[in-house]
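S.K.: Below you'll find the structure I mean.
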Amino acid sequence: MISVDNLAVEFSGHTLFSDVSFTINANDKIALMGKNGAGKSTMMKIIAGVQSGTRGNVRCPKDAVIAYLPQHLLTEDDTTVFDEASKAFKHVYEMRDEMEALNKQLETRTDYESDEYMKIIERVSDLGEKYYALEDVNYDAEVEKALKGLGFKQEDFTRLTNEFSGGFRMRIELAKILLQKPDLILLDEPTNHIDIESVIWLEDFLLNKANAVVVISHDRAFVDNITNRTIEVTMGRIYDYKANYTHYLQLREDRRVHQVKAYQEQQKFIADNMQFIERFKGTYSKTNQVTSRERMLEKLQIIEIDDVDTSALKLRFPATQRSGDYPVTVKDVSKSYDDHVVFNNANMSIARGEKVCFVGRNGEGKSTMIKAILGEIDVEGTCSLGHNVKVGYFAQNQAALLDESLTIFQTVDEVAQGDVRTQIKSILGGFMFRGDDIDKKVSVLSGGEKTRLAMVKLLLEPVNLLILDEPTNHLDLKSKDVLKEALQNFDGTLILVSHDRDFLQGLSKKVFEFKEKRVIEHFETIDDFLIRNRVESLKGLDL
Numbered sequence: 001m002i003s004v005d006n007l008a009v010e011f012s013g014h015t016l017f018s019d020v021s022f023t024i025n026a027n028d029k030i031a032l033m034g035k036n037g038a039g040k041s042t043m044m045k046i047i048a049g050v051q052s053g054t055r056g057n058v059r060c061p062k063d064a065v066i067a068y069l070p071q072h073l074l075t076e077d078d079t080t081v082f083d084e085a086s087k088a089f090k091h092v093y094e095m096r097d098e099m100e101a102l103n104k105q106l107e108t109r110t111d112y113e114s115d116e117y118m119k120i121i122e123r124v125s126d127l128g129e130k131y132y133a134l135e136d137v138n139y140d141a142e143v144e145k146a147l148k149g150l151g152f153k154q155e156d157f158t159r160l161t162n163e164f165s166g167g168f169r170m171r172i173e174l175a176k177i178l179l180q181k182p183d184l185i186l187l188d189e190p191t192n193h194i195d196i197e198s199v200i201w202l203e204d205f206l207l208n209k210a211n212a213v214v215v216i217s218h219d220r221a222f223v224d225n226i227t228n229r230t231i232e233v234t235m236g237r238i239y240d241y242k243a244n245y246t247h248y249l250q251l252r253e254d255r256r257v258h259q260v261k262a263y264q265e266q267q268k269f270i271a272d273n274m275q276f277i278e279r280f281k282g283t284y285s286k287t288n289q290v291t292s293r294e295r296m297l298e299k300l301q302i303i304e305i306d307d308v309d310t311s312a313l314k315l316r317f318p319a320t321q322r323s324g325d326y327p328v329t330v331k332d333v334s335k336s337y338d339d340h341v342v343f344n345n346a347n348m349s350i351a352r353g354e355k356v357c358f359v360g361r362n363g364e365g366k367s368t369m370i371k372a373i374l375g376e377i378d379v380e381g382t383c384s385l386g387h388n389v390k391v392g393y394f395a396q397n398q399a400a401l402l403d404e405s406l407t408i409f410q411t412v413d414e415v416a417q418g419d420v421r422t423q424i425k426s427i428l429g430g431f432m433f434r435g436d437d438i439d440k441k442v443s444v445l446s447g448g449e450k451t452r453l454a455m456v457k458l459l460l461e462p463v464n465l466l467i468l469d470e471p472t473n474h475l476d477l478k479s480k481d482v483l484k485e486a487l488q489n490f491d492g493t494l495i496l497v498s499h500d501r502d503f504l505q506g507l508s509k510k511v512f513e514f515k516e517k518r519v520i521e522h523f524e525t526i527d528d529f530l531i532r533n534r535v536e537s538l539k540g541l542d543l
């Protein structure tokens, strides 16, 4: 259906990738994988037509519709939800408006024999042929149907998009994509900042309603659930596997084992021939053989072993004093903003050493409850921290709070105290900031790098209560795995807000669900909770 031919991207003397070719077929569900900086997002932008490559091209049928959802949403803050979703039919409205404008010109013009008049008639005829060939659709009704199917209420239609959380702004963009009925959907980190229900809805939509899909995501469960093909971008080239992410990891390891074996055999072959050349160089009877072997080595294509990122994020939470039996107690807590009730009469007791997670749709009060526990907002009822509790808090916007004028080293040096100041370089090295990296300004760091740096600041002081609000956004899969292992070994109390099911699995045995102005306690794992509350939001959405 869509063909990527000999694509290359080069800049400042650096080759991101070259001679990349592959085909996207109808109904392919492709995961585009590779470590940060490999060129995944760049490749997706080129396929979407928003960026150009240095060489090569992307070919697709003339009438193919490609829908692209970037990492950062492009909804305008001064546009209503309905108007934003209606942009899915922008091309139809533009044709209609142009026809109306041209017909008005024809009504007032009298130069019937002029070339200009004939050009207008031809343009109206061309537009009319395309416009009236379209299916007879009530576009406003289709927009309303899509928005309601995605959880918006009638009264939400006239609200501005900036009044909604990231998860619902994502749904507005997805509504536009759904209404376009595209041949190919391109998604760059679609699960960042959206709640578990939104992620499950997105999975159902992509599996049951979408045609071809290409997705970049660090959410392992999401990628495994929706994809049947994995394209890995590494060392300037690609490897194409007809397998989901978990199976691809196995196949990639097999490939690397074969590469290492072939590389070792080739290196031995080179060494043996070099030894022969050195030994018989200058020996008349061996001149032809020496020359032949020298030419052979010059033409030999050296086997390369795929770059494997062996660096690891080493997290070790420092020991701290023991807290009281119940680090967090919430009793009959209610919170409202004017007429909007967030939650009513919430109660929770979190025991020392418990690891719990807060789940619920965006806007149901998870982050509000965290602020209440920390004493950052006023509430009705009581929120109290237990004896000797020392809190470490990682907010959703923690990375954005960093001072961008400072270097990495200065950022950590500002908060380090005592003996830990002599270990700053070692600590940063454990977070993959090595060598000259520590002199980089925060302003040039990627989202993932800023998140890791913010995590370093959190870990400089010993705590016995960790509160983490979406800590894995922008972290790659390896970093998430190591962070998860560190949290599993953390001997304090943990409150975790996350939409990442794979990350939550094995971390929590208690779930607090925020729903319909209530906080409900469930003594079960996140997997059990999701099985029991499986969301089927596409039912009845016939588009």
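Using full-length UniProt numbering, the letters of the sequence shown correspond one by one to residues 1 to 543.
From the three backbone atoms N, C-alpha and C, an ideal C-beta is built for every residue, glycine too.
#1: Flag CYS383 as yes if its beta-carbon sits less than 7 Å from any beta-carbon of chain E, otherwise no.
#2: Return the chain-ordered ranges of every beta strand (DSSP E) run that is complete within the stretch 295 to 352 and spans a minimum of 3 residues.
#3: Quick check on DSSP: helix, strand or coil for ILE194?
#4: SER165 and ASN473 look like a contact to me (Cβ under 8 Å); what is the Cβ gap, rounded to whole Å?
#5: Grab the span of the alpha helix (DSSP H) containing ARG255 for me, first residue to last.
#6: In terms of DSSP beta bridges, what is GLY392 paired with?
#7: Whole angstroms are fine: how far does the CA of ASN464 sit from the CA of TYR393?
#8: With burial defined as no fewer than 16 other Cβ atoms inside 10 Å of the residue's Cβ, what is the status of ALA271: buried or exposed?
#9: DSSP three-state label for THR525, please.
#10: May I ask which residues mark the beginning and end of the beta strand (DSSP E) holding MET33?
#11: Out of THR422, ALA416, LYS450, which one is the CA nearest neighbour of MET432?
#12: Report the option in LEU468, ILE172, ILE520 whose CA atom is closest to the CA atom of VAL143.
#13: Compute the Euclidean distance between the alpha carbons of THR227 and ILE177, then round it to the nearest angstrom.
#14: Taking the alpha-carbon positions, what's the PHE11 to LYS35 distance?
#15: Run through the stretch 484 to 529 for me and flag every whole beta strand (DSSP E) of 3 or more residues, listed as ranges in chain order.
#16: First and last residue of the beta strand (DSSP E) that includes LYS355?
#17: Under 7 Å, do GLY365 and PHE514 count as touching if we go by C-beta distance?
#18: So, with DSSP's three-state summary, where would you put LYS153?
#19: Let me know the secondary structure DSSP gives THR422 once reduced to three states.
#20: Helix, strand or coil: which one does DSSP assign to LYS130?
#21: Looking at LEU186 and MET44, is the spacing between their C-beta atoms short of 7 Å?
#22: Would you list the one or two residues that DSSP bridges to SER114?
#23: For the beta strand (DSSP E) holding ASP240, just list the boundary residues, first then last.
#24: Do three or more CB pairs link the stretch 296 to 304 to the stretch 335 to 342 at distances below 8 Å?
#25: Report the three-state DSSP secondary structure of ALA26 (helix, strand or coil).
#26: For THR407, collect the residues of the same chain with a Cβ closer than 8 Å to its Cβ; drop the 5 residues on either side in sequence, then sort them by chain order.
#27: Check ASN397 in the structure and name its three-state DSSP category.
#28: With DSSP run on the structure shown, which of helix, strand or coil describes LYS371?
M.R.: On the basis of the supplied data:
#1: This model lacks chain E altogether, as it is built from one protein chain only.
#2: Unbroken beta strand (DSSP E) stretches of 3 residues or longer found wholly inside the stretch 295 to 352: 328 to 337, 340 to 350, given in chain order.
#3: As a first step, residue 194 must be located in the sequence shown, where it is residue number 194. The three-state secondary structure of ILE194, taken from DSSP, is coil.
#4: Position 165 of the sequence shown, counting from 1, holds the residue named residue 165. Position 473 of the sequence shown, counting from 1, holds the residue named residue 473. So it is not a contact: roughly 14 Å between Cβ atoms.
#5: For the purposes of this step, residue 255 is taken as the residue at position 255 of the sequence shown. Counting along the chain, ARG255 sits inside the alpha helix (DSSP H) bounded by residues 245 to 280.
#6: Within the sequence shown, numbered from 1, the residue matching residue 392 stands at position 392. In the DSSP secondary-structure assignment, GLY392 is bridged to LEU466.
#7: As a first step, residue 393 must be located in the sequence shown, where it is residue number 393. As a first step, residue 464 must be located in the sequence shown, where it is residue number 464. TYR393 and ASN464: Cα-Cα distance of roughly 11 Å.
#8: Translated into the one-based positions of the sequence shown, residue 271 becomes position 271. Exposed, because fewer than 16 other Cβ atoms sit within 10 Å of the Cβ of ALA271.
#9: Taking the first residue of the sequence shown as 1, we reach residue 525 at position 525. Looking at THR525 - three-state DSSP - the assignment turns out to be coil, as it is neither helix nor strand.
#10: Mapped onto the sequence shown, residue 33 falls at position 33. That run of the beta strand (DSSP E) goes 29 to 33.
#11: Locating residue 432 in the sequence shown gives position 432, counting from the first residue. Closest option to MET432, Cα to Cα, is LYS450.
#12: Numbered from 1 along the sequence shown, position 143 holds the residue referred to as residue 143. Closest by alpha carbon: ILE172.
#13: Residue numbering aside, residue 227 sits at position 227 when the sequence shown is read from its first letter. Residue numbering aside, residue 177 sits at position 177 when the sequence shown is read from its first letter. Using only the alpha carbons, I get a separation of about 19 Å.
#14: Position 11 of the sequence shown, counted from the first residue, corresponds to residue 11. Position 35 of the sequence shown, counted from the first residue, corresponds to residue 35. Rounded to whole angstroms, the separation of the alpha carbons of LYS35 and PHE11 is 19 Å.
#15: For the stretch 484 to 529, the continuous beta strand (DSSP E) assignments of 3+ residues that do not extend past its boundaries occur at 493 to 497, 510 to 515, 518 to 522, in sequence order.
#16: Counting from 1 along the sequence shown, the entry for residue 355 is found at position 355. It spans 355 to 359 - the beta strand (DSSP E) in which LYS355 sits, taken as one unbroken run.
#17: To locate residue 365, count along the sequence shown from 1; it is residue 365. To locate residue 514, count along the sequence shown from 1; it is residue 514. Pairing GLY365 with PHE514 gives a Cβ-Cβ distance under 7 Å.
#18: To locate residue 153, count along the sequence shown from 1; it is residue 153. If DSSP states are grouped into helix, strand and coil, LYS153 belongs with coil.
#19: On the sequence shown, position 422 is the one that residue 422 refers to. Three-state result, THR422: helix.
#20: Start at 1 with the first residue of the sequence shown, and residue 130 comes out as number 130. Note: LYS130 maps to helix in three-state DSSP.
#21: Within the sequence shown, numbered from 1, the residue matching residue 44 stands at position 44. Within the sequence shown, numbered from 1, the residue matching residue 186 stands at position 186. In terms of Cβ geometry, MET44 and LEU186 form a close pair [threshold 7 Å].
#22: The sequence position of residue 114 within the sequence shown is 114, counting from 1. Per DSSP, none; premise fails for SER114.
#23: For the purposes of this step, residue 240 is identified with residue 240 of the sequence shown, where counting begins at 1. Element bounds for ASP240: 237 to 241.
#24: The stretch 296 to 304, when compared against the stretch 335 to 342, does not touch it at the 8 Å Cβ threshold.
#25: Residue 26 sits at position 26 when you count from the first residue of the sequence shown. Looking at ALA26 - three-state DSSP - the assignment turns out to be coil, as it is neither helix nor strand.
#26: The residue you call residue 407 lines up with position 407 of the sequence shown. Contacts found: ILE438, ASP439, LYS440, LYS441, VAL442.
#27: What you label residue 397 is simply residue 397 of the sequence shown in a count that begins at 1. Looking at ASN397 - three-state DSSP - the assignment turns out to be coil, as it is neither helix nor strand.
#28: Here residue 371 refers to the residue found at position 371 of the sequence shown. DSSP places LYS371 within a helical segment (H, G or I) once states are collapsed to three.
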